[in-house]
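In what follows, a structure is listed as structure tokens, so that the remarks can point back to it.
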Amino acid sequence: MFVRIPFAAIIGICFTLSFFLIALFAPLIAPYGYDEVVSNGFWEPATSEFLLGTDGIGRDLLSRMIYGLRTTIWIATLATILSFTTGSVLGFLAAVMGGWIDQALSRFVDLLMSIPSLIFALVILSITPITILILILVMGLLDATRVYRLARAVAVDINVMDYVEAAKLRGENRWWIIFREILPNALSPLVAEMGLRFIFAVLFISTLSFLGLGIQPPQADLGGIVKENAEGLTYGIGAALYPAITIAILAISVNLVADWILSRTTSLKGGRG
Amino acid sequence: MTEPLVRVRDLRIGATVYPPNEKPHDIEIVHGVDFDLESGRVLGLIGESGAGKSTIGLATLAFGRGGIKITGGEVWVNGRDILQTSRTDVRSLRGGEVSYVSQSAAASFNPAKKILDQVVEASVRYGKFSRSEAESRAVDLFEQLGLPEPETIGNRYPHQVSGGQLQRCMTALALCPQPQLVIFDEPTTALDVTTQIDVLAAIKKAIHETGVAAVYITHDLAVVAQVSDAIMVLRLGDMVEYGTTQQIINSPKQEYTKALVSVRSIEHPENTPTDEPILRCIDITASYPRTKLDVLTDVNVEIHAGQTLAVVGESGSGKSTLARVITGLLPPRIGRLVFDGQELTPDLASRSREDLRQLQMIYQMADVAMNPRHTVGTIIGRPVEFYFGLKGEEKRQRVIDLLDEIEMGIDFIDRYPAELSGGQKQRVCIARALAAKPKLIICDEVTSALDPLVADGILRLLLDLQRIENVAYLFITHDIATVRAIADSIAVMYQGRVQRYGGKSKVLSPPYDDYTDLLLSSVPEMRLGWLEDVLENRQMESAGN
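Residue numbers (the numbering used here), protein chains in the order written: chain A, 2 to 274; chain B, 3 to 547.
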């Protein structure tokens with residue numbers, strides 16, 4: 002199946018995989034706890050004891066970043082899964098049902114999309130308690146609008162194929178048509194999109210935390226660590242750069258994988274194949 | 003003897019293939035073809051899909067479509083080997099000395115520019131004629147090709163003329179710069195039979211009057227017999243037989259050519275109607291939602307158990323709409339359906355599973371009629387499971403039996419549609435329909451996307467299955483030859499009405515009404531001089547003109 006993986010994709014896969022492994026085994030890997038104050042100094046330079054130095058209140062930066070990565074990936078993954086299940090099921094449903102259901106759903110999604118998602122999220126998060134569950138819900142549902150658009154567009158194309166008509170003539174119900182006829186054929190573009198949406202979720206949660214409306218201290222996440230250490234930049238201390246670079250590398254590596262999946266699916270079997 | 007205009011020697015063409023799970027590698031798709039063509043003569047290239055017809059045609063323009071390379075041999079046009087000349091020379095050759103008429107004029111014309119601008123473009127660009135000379139040439143050509151209002155038709159946009167007219171405009175486009183060679187690549191294949199005949203006649207006349215040499219590519223031997231002086235039969239990139247049209251049609255030497263010439267020789271004696279029809283369409287009038295136009299008007303037809311009703315007509319005559327009405331996809335505005343003595347509810351949603359089972363459908367394009375992500379086993383197995391509740395081993399056994407019935411083996415069970423040939427795909431669709439043990443199968447143009455020999459096989463299979471399973475067919479087609487081969491009764495449709503209806507022998511014997519006469523006479527026959535005979539004797543002009 003995987004005959005020739007392009008070099009860029011291999012790099013992407015390696016990095017993505019290691020990020021996920023680090024996230025999964027964070028408690029085993031991290032030398033200290035995420036909120037453990039291990040030193041009396043602050044913003045200490047890297048030593049053999051603290052590989053990336055310490056942060057503004059003397060916590061080990063590396064440990065904090067490992068836990069931060071775990072939180073970020075965890076939230077982004079759940080939000081992506083949520084957005085994909087709701088977005089694609091509703092999108093397929095709208096395409097298959099047509100008529101007023103399609104109209105109602107599509108116009109509602111248009112309405113949501115007309116408001117910039119960051120502003121929308123900030124409004125909601127400023128009136129609700131900020132818990133991880135709420136964060137996931139808000140991010141997932143906002144992103145679901147984009148997935149809905151894609152899923153509906155793909156499904157509308159597939160829905161007019163003769164094999165779907167054949168299934169309707171056979172008397173199959175709607176769920177068979179959605180899950181057995183349309184879904185397998187819509188999977189490739191959706192999976193590629195999933196990679197991209199995951200990155201957006203990472204960036205989104207990081208942005209929220211940076212603005213102070215995401216993960217609350219002492220919990221760690223990448224965007225939050227940037228915020229905590231941003232002040233150090235004025236004194237020439239680069240602690241904030243490490244989590245920022247990690248976000249960048251994570252985004253790029255997942256992107257490389259998504260790109261590769263997308264090119265595989267479009268070059269083979271004429272597109273949706 | 004003087005040098006012929008075109009001399010092709012040992013032409014070899016290769017392509018790179020990218021099979022899944024393997025490294026890309028090069029294959030040869032044309033294995034050394036030779037031919038000569040003199041000015042004013044027409045060479046027909048014929049063969050089924052994948053035979054290399056178009057590839058060879060384009061090679062005379064020193065052109066290979068994406069991924070195709072001309073790997074060897076010589077193509078001499080007008081005394082020079084165009085495979086060896088520089089790019090600039092080749093550019094002046096294309097469209098100037100050698101021009102090309104493609105299958106789909108609608109896809110080849112630029113929809114944003116007027117026809118005349120596109121017709122004169124090459125002549126002006128190569129400096130062969132001034133703009134005004136080229137325009138008057140174009141008008142002459144329009145007239146020669148029998149287009150209406152030759153003076154002004156060029157000022158229209160491509161969507162403002164009919165398909166047959168556009169195909170003739172394309173011929174004018176090709177002939178305008180006074181080329182020495184024109185490549186016609188299936189110019190009439192996408193047209194209705196009744197339109198095809200006029201385009202064919204126009205092309206033949208234009209070739210004759212301008213004295214160009216032409217290569218005529220088609221898969222229909224009867225068509226090519228009308229226009230060409232010599233015919234080359236190709237198969238899988240090899241030349242099978244090359245001779246004069248006279249010789250190929252009247253005394254073919256190779257087995258493959260003989261099969262092509264005698265295609266559609268299926269004999270099916272007409273059955274007399276039984277007492278109770280399996281399906282009666284009573285006074286069906288139907289229109290599409292939110293339109294006022296009736297696509298079907300007062301259609302009354304009957305299908306008898308184990309027999310075949312063929313519905314013929316050109317595109318837009320309402321054949322497929324009739325199928326949609328019967329299947330319940332489009333409830334009729336007026337009229338009713340009686341199936342096996344029971345009233346059939348008009349819309350799909352209210353029909354019982356049993357009603358749905360009795361009535362199956364086979365589509366024209368087998369590749370899109372099967373879910374590309376399902377295996378053959380799933381595709382055929384689903385109706386077995388859905389209607390009869392068979393599971394596991396029982397279901398598998400039934401699928402194997404069905405595969406056996408369509409003359410395919412058990413090893414196909416785990417294959418995906420993409421791994422099947424066109425004929426095999428259509429067989430799987432037939433098996434899927436049969437799996438429901440229906441009383442009636444609607445066959446919507448099931449053979450029109452297939453090569454003639456493959457189509458023949460499918461028709462034979464359908465007839466055999468009809469005998470074994472006693473299933474009735476509603477056979478929708480535009481191809482009279484198919485109708486002759488398999489029908490018991492025939493309904494000729496024209497503009498949404500049944501023009502002529504009855505037993506096969508009755509419908510196909512004179513006296514005809516004008517439309518049936520036109521339709522029947524437009525079907526190319528495998529004999530020389532047929533085109534001239536028809537044009538002289540017919541009573542009605544086709545609608546596409």
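Each residue gets a CB set at the ideal place from its N, CA and C atoms; glycine is no exception.
Query                                                                                                                                                                                : Result
Quick check on DSSP: helix, strand or coil for M495/B?                                                                                                                               : strand
Rounded to whole angstroms, what's the CA-CA distance from Y20/B to F205/A? Just pull it up for me.                                                                                  : 40 Å
Any chance you could list the alpha helix (DSSP H) runs of at least 4 consecutive residues sitting entirely within the region 28-114 of chain A, in chain order?                     : 62-98, 100-114
Using beta-carbon positions only, say whether V38/A and R60/A come within less than 8 Å of one another.                                                                              : yes
With three or more C-beta pairs closer than 8 Å as the rule, is the region 73-83 of chain A touching the region 132-139 of chain A?                                                  : yes
Give the single residue among A312/B, G498/B, L422/B whose Cα lies nearest to the Cα of I482/B.                                                                                      : A312/B
Please list, in chain order, all residues of the same chain as A96/A whose beta carbon is under 6 Å from its beta carbon, the five residues on each side excluded.                   : R153, A156, V157, N160
Decide if W176/A is buried, meaning its Cβ has at least 16 other Cβ atoms within 10 Å, or exposed.                                                                                   : exposed
Nearest CA to the CA of R11/B: which residue from G49/B, A53/B, A61/B?                                                                                                               : A61/B
Please report how far the alpha carbon of F211/A lies from the alpha carbon of Y236/A, in whole angstroms.                                                                           : 19 Å
With a cut-off of 8 Å, does the C-beta of N302/B fall near any C-beta of chain A?                                                                                                    : no
Where do the ends of the alpha helix (DSSP H) carrying P152/B lie?                                                                                                                   : Segment: none, P152/B is in no alpha helix (DSSP H) and carries neither H nor E.
Give the residues of chain B in contact with P185/A, contact being defined as C-beta atoms less than 8 Å apart.                                                                      : N373, R375, H376
Use the C-beta contact count for Y475/B: other C-beta atoms within 10 angstroms, 16 or more gives buried, fewer gives exposed.                                                       : buried
Could you give the DSSP three-state label for H33/B: helix, strand or coil?                                                                                                          : strand
Using the three-state DSSP reduction, which class does A438/B fall into: helix, strand or coil?                                                                                      : coil
Taking the Cβ atom as the reference point for each residue, do A368/B and E407/B lie within a distance shorter than 8 Å?                                                             : no
Sorted by chain position, which residues of the same chain lie with C-beta nearer than 8 Å to V551/B's C-beta, five sequence neighbours on each side aside?                          : No statement about residue 551/B is possible, as the shown extent of chain B runs from 3 to 547 and does not include it.
Quick check: E50/B and L455/B, are their CB atoms within less than 8 Å of each other?                                                                                                : yes
Whole angstroms are fine: how far does the CA of L214/A sit from the CA of L123/A?                                                                                                   : 7 Å
Might you give, ordered along the chain, the residues of its own chain that have their beta carbon closer than 7 Å to the beta carbon of V303/B, omitting 5 neighbours on each side? : C283, L311, A493, V500, Y503
Buried or exposed, going by whether 16 or more other CB atoms sit within 10 Å of the CB of L7/B?                                                                                     : buried
Measure the CB-CB distance between G59/B and P179/B and report whether it falls below 8 Å.                                                                                           : no
So, using beta-carbon positions, are K441/B and I280/B closer together than 8 Å?                                                                                                     : yes
Could you tell me the alpha carbon to alpha carbon distance between I336/B and R198/A, rounded to whole angstroms?                                                                   : 51 Å
Helix, strand or coil for G546/B, going by three-state DSSP, please let me know.                                                                                                     : Note that G546/B scores a pLDDT of 47, beneath 50, so its modelled location is shaky and nothing firm can be said.
Shortest alpha-carbon distance to G165/B belongs to which of S230/B, S317/B, D36/B, A216/B?                                                                                          : S317/B
Can you tell me whether DSSP reads G1/A as helix, strand or coil?                                                                                                                    : Outside the displayed span of chain A (2 to 274) sits residue 1/A, for which this structure offers no information.
Would you call the region 28-46 of chain B in contact with the region 238-258 of chain A, where contact means no fewer than 3 C-beta pairs closer than 8 Å?                          : no
By the DSSP assignment, the beta strand (DSSP E) with E345/B in it spans what residues?                                                                                              : 344-346
Is the distance from the Cβ of R171/A to the Cβ of F388/B below 8 Å?                                                                                                                 : yes
Show which residues of chain A have a CB atom less than 7 Å away from the CB atom of R329/B.                                                                                         : Before going on, a small fix: residue 329/B reads as Thr here, not Arg. The contacting residues are L170.
For V370/B, which residues in chain A fall below 8 Å Cβ to Cβ?                                                                                                                       : M162, D163, Y164
Between which two residues does the beta strand (DSSP E) containing A17/B stretch?                                                                                                   : 8-19
Could you give the distance in angstroms between the alpha-carbon of A351/B and the alpha-carbon of F180/A?                                                                          : 20 Å
In the DSSP assignment, what residue or residues form a beta bridge with Q217/A?                                                                                                     : Partner(s): none; Q217/A has no beta bridge.
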